[in-house]
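Accompanying notes for the structure given below.
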Amino acid sequence: MNGYGGENNMQSLKELYKIGNGPSSSHTMGPKKATEVFRDKHRDADKFKVILYGSLAKTGKGHLTDFIIKKALEGYQTEIKFDTKFKCTVHPNTFDIIAYKNDKVLDMWRVYSIGGGSFRIEGEKETLIKEIYKQKSFLEIREYCKKNNLDLYDYVCKFEGKKEISEFLSQIWEVMQQSILNGLNAKGVIPGKLKLKRKAREVFENKTEHDIEDKTKIRLLSSYAYAVGEENACGGVIVTAPTCGACGVLPAVLYYMKQKYNIPDEKIIKALAVAGVIGNVVKSNASISGAECGCQAEIGTACSMAAGAVAYLLNLDMERIDNSAEVAMEHHLGLTCDPVYGYVQIPCIERNAVAAVRAVDSAILSSMLKEDSLVTFDMVVDTMYETGKDLSTHYRETSEGGLAKKYCNNKFFCD
Ligand code: SF4
Numbered sequence: 008m009n010g011y012g013g014e015n016n017m018q019s020l021k022e023l024y025k026i027g028n029g030p031s032s033s034h035t036m037g038p039k040k041a042t043e044v045f046r047d048k049h050r051d052a053d054k055f056k057v058i059l060y061g062s063l064a065k066t067g068k069g070h071l072t073d074f075i076i077k078k079a080l081e082g083y084q085t086e087i088k089f090d091t092k093f094k095c096t097v098h099p100n101t102f103d104i105i106a107y108k109n110d111k112v113l114d115m116w117r118v119y120s121i122g123g124g125s126f127r128i129e130g131e132k133e134t135l136i137k138e139i140y141k142q143k144s145f146l147e148i149r150e151y152c153k154k155n156n157l158d159l160y161d162y163v164c165k166f167e168g169k170k171e172i173s174e175f176l177s178q179i180w181e182v183m184q185q186s187i188l189n190g191l192n193a194k195g196v197i198p199g200k201l202k203l204k205r206k207a208r209e210v211f212e213n214k215t216e217h218d219i220e221d222k223t224k225i226r227l228l229s230s231y232a233y234a235v236g237e238e239n240a241c242g243g244v245i246v247t248a249p250t251c252g253a254c255g256v257l258p259a260v261l262y263y264m265k266q267k268y269n270i271p272d273e274k275i276i277k278a279l280a281v282a283g284v285i286g287n288v289v290k291s292n293a294s295i296s297g298a299e300c301g302c303q304a305e306i307g308t309a310c311s312m313a314a315g316a317v318a319y320l321l322n323l324d325m326e327r328i329d330n331s332a333e334v335a336m337e338h339h340l341g342l343t344c345d346p347v348y349g350y351v352q353i354p355c356i357e358r359n360a361v362a363a364v365r366a367v368d369s370a371i372l373s374s375m376l377k378e379d380s381l382v383t384f385d386m387v388v389d390t391m392y393e394t395g396k397d398l399s400t401h402y403r404e405t406s407e408g409g410l411a412k413k414y415c416n417n418k419f420f421c422d
């Protein structure tokens, strides 16, 4: 354990689902938020210096980390350094921020951007955010619900307040749907030297006269996931679910289910709560950071959240929800994070589409498996965390291995 996995109880779903601009929750949202808090503490400073380490130093350019920090410090003299040599021993997304006045250091924070837009300051246990749930594992939650005759939505309402959380989730659902519509209506090229063409609309319209049911399912789910993933890559407004890079999976699946089964928004909002509990279990027991545990922690978690939501929408019981989330995560184990040029584009956007299809399939498969599974969601979350720790840093959001390396080693593509 590194102090980030397994030692915390769950926080509010408001700390998981965050509305903001892409492309990266750990490389833009988290650093931006931390910088703003630090800046507001030192309004009298005349200069700020930021030193990015680890994954932030290696893929910060592609993920726009320096751009967003400069923006947060607009009006101040700002120096940003990329230190790729420093060994991050606590978290791979580390940065220092220093405030100066008349060339004298006023204060300094070492900040860890731990994924999903959250951050921690060295020396402080938490970022002033309360852990409001008492249970830690999914099994503990299941047992609590069984004892108190609650479903997962009731469980969330009990700890977060029904009115407050349903209003919050309604807003989240609005933004998710809007990001799908924005992405479907947009055309053109995603910013960056890959010059990647937006594909959501093209996939959505790829309808043939005899569209078989399977193709329709893949076409719709993928186009919705592409739409949100492309919005994220273009810096549009999205919801972290659980991160920016994996933000397309859950909205795509919920939108698909809503359309296909004519499900009212009130029920979708409950499914969002279910997905949130699943994401929170991963966030507090393992990690949702690609820099810490690879893409299994981002896309794998998003797929589990979406699969659990589908199971809930299909009125499956708690065991099947557990199993759906487990199946979805299990088959992402070992998935590396290797974004080409450090952009949240290749393989990220397509990965959202594939995971959306897999989430629906996982829940449907689970509905057919009547026996209790030998592997639980908690087990697979622990496994994901251990696997992530064993992954070479080349495969943890550094763009030093995998597709990122292959693409840039290829003379044809090399710039
Ligand atoms: S490969 Fe996965 S974890 Fe890495 S940036 Fe892309 S979506 Fe995030």
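So for the sequence shown, our numbering puts the first residue at 8; every next one is plus one.
Every residue, glycine too, gets a C-beta built ideally from N, C-alpha and C.
Assumed close pair residue i, residue j - CB separation to whole angstroms, cut-off 8 Å
i, j, result
"Lys54", "Tyr107", "4 Å"
"Gly122", "Thr250", "6 Å"
"Ala253", "Pro30", "About 12 Å; that fails the 8 Å criterion."
"Lys56", "Ile128", "Lys56 to Ile128, Cβ: 17 Å. No contact."
"Glu22", "Ser125", "6 Å"
"Ser374", "Ala314", "Not really, about 11 Å apart at Cβ, beyond 8 Å."
"Phe45", "Ala64", "About 19 Å; that fails the 8 Å criterion."
"Leu261", "Thr343", "That pair is no contact at about 27 Å."
"Ala304", "Ala293", "7 Å"
"Ile356", "Gly236", "4 Å"
"Pro258", "Ser144", "In fact, because the Cβ distance is near 27 Å, the residues do not count as touching under 8 Å."
"Ile306", "Val256", "7 Å"
"Ile87", "Asp110", "With 8 Å as the limit, Ile87 and Asp110 do not qualify as a contact, their Cβ atoms being about 18 Å apart."
"Gly286", "Met312", "5 Å"
"Gln18", "Lys137", "7 Å"
"Met336", "Val388", "7 Å"
"Glu131", "Asn189", "That pair is no contact at about 37 Å."
Cβ-based neighbour list, residue i, same chain, cut-off 6 Å, excluding 5 preceding and 5 following
i, result
"Leu20", "Gly283"
"Tyr151", "Gln142"
"Leu203", "Ile197 and Gln352"
"Met183", "Val246 and Pro258"
Sequence-distant residues of the same chain with beta carbon closer than 7 Å to residue i, five excluded per side
i, result
"Val210", "Arg226, Ser229, Ser230 and Tyr233"
"Asp51", "Lys108"
"Thr390", "Leu340"
"Ser173", "Ile276"
"Ile75", "Thr35, Pro38 and Lys39"
"Tyr24", "Ile179, Val246, Thr247, Ala248 and Gly283"
"Phe420", "Because Phe420 sits at a pLDDT of 44, beneath the cut-off of 50, its placement in the model cannot be relied upon, and the following sentence gives the value as read from the coordinates. Contacts found: Tyr414."
Residue span of the alpha helix (DSSP H) that contains residue i, given as start and end
i, result
"Met336", "Met325 to Glu337"
"Lys54", "That residue, Lys54, is in no alpha helix (DSSP H); its beta strand (DSSP E) goes Lys54 to Tyr60."
"Gly82", "No alpha helix (DSSP H) holds Gly82; DSSP gives it neither H nor E."
"Gly297", "Gly297 to Cys300"
"Ile245", "Looking at the DSSP string, Ile245 is not in any alpha helix (DSSP H); the run it does join, the beta strand (DSSP E), is Val244 to Val246."
"Gln178", "Lys169 to Asn192"
"Ala314", "Ile306 to Leu320"
"Met391", "Phe384 to Asp397"
"Arg226", "Glu220 to Ala240"
"Ser291", "Asp272 to Asn292"
"Arg208", "Ala207 to Glu212"
"Lys94", "Counting along the chain, Lys94 falls outside any alpha helix (DSSP H), and DSSP gives it neither H nor E."
"Leu381", "Segment: none, Leu381 is in no alpha helix (DSSP H) and carries neither H nor E."
"Met264", "Val256 to Tyr268"
"Tyr151", "Phe145 to Asn155"
"Gly409", "Gly409 to Asn416"
Enclosing beta strand (DSSP E) for residue i [first to last residue]
i, result
"Ala41", "Ala41 -> not in any beta strand (DSSP E); alpha helix (DSSP H) instead, spanning Gly37 to Lys48."
"Arg358", "Looking at the DSSP string, Arg358 is not in any beta strand (DSSP E); the run it does join, the alpha helix (DSSP H), is Cys355 to Met375."
"Ala106", "Thr101 to Lys108"
"Leu113", "Lys111 to Gly122"
"Phe126", "Ser125 to Ile128"
"Gly27", "Ile26 to Asn28"
Close-in-space but distant-in-sequence residues of the same chain around residue i (CB under 8 Å, 5 per side omitted)
i, result
"Met115", "Asp103, Ile104, Ile105 and Ala106"
"Leu201", "Val347, Tyr348, Tyr350, Gln352 and Ile353"
"Asp218", "Arg226"
"Asn192", "Arg208"
"Lys78", "Lys39"
Within-7 Å CB hit, residue i to chain C
i, result
"Pro271", "The structure shown has no chain C; it contains just one protein chain."
* **Three or more C-beta pairs below 8 Å linking the segment 352-361 and the segment 312-326** => The answer is no - the segment 312-326 does not touch the segment 352-361, with fewer than three Cβ pairs under 8 Å.
* Would you check if the segment 278-293 and the segment 147-167 touch, i.e. whether three or more CB-CB distances between them fall below 8 Å? => yes
* Counting Cβ pairs, one atom from each stretch, are 3 or more of them under 8 Å apart for the segment 326-337 and the segment 383-399? -> yes
* Asked: Hey, is the segment 396-410 in contact with the segment 297-310, meaning 3+ C-beta pairs nearer than 8 Å?
  -> yes
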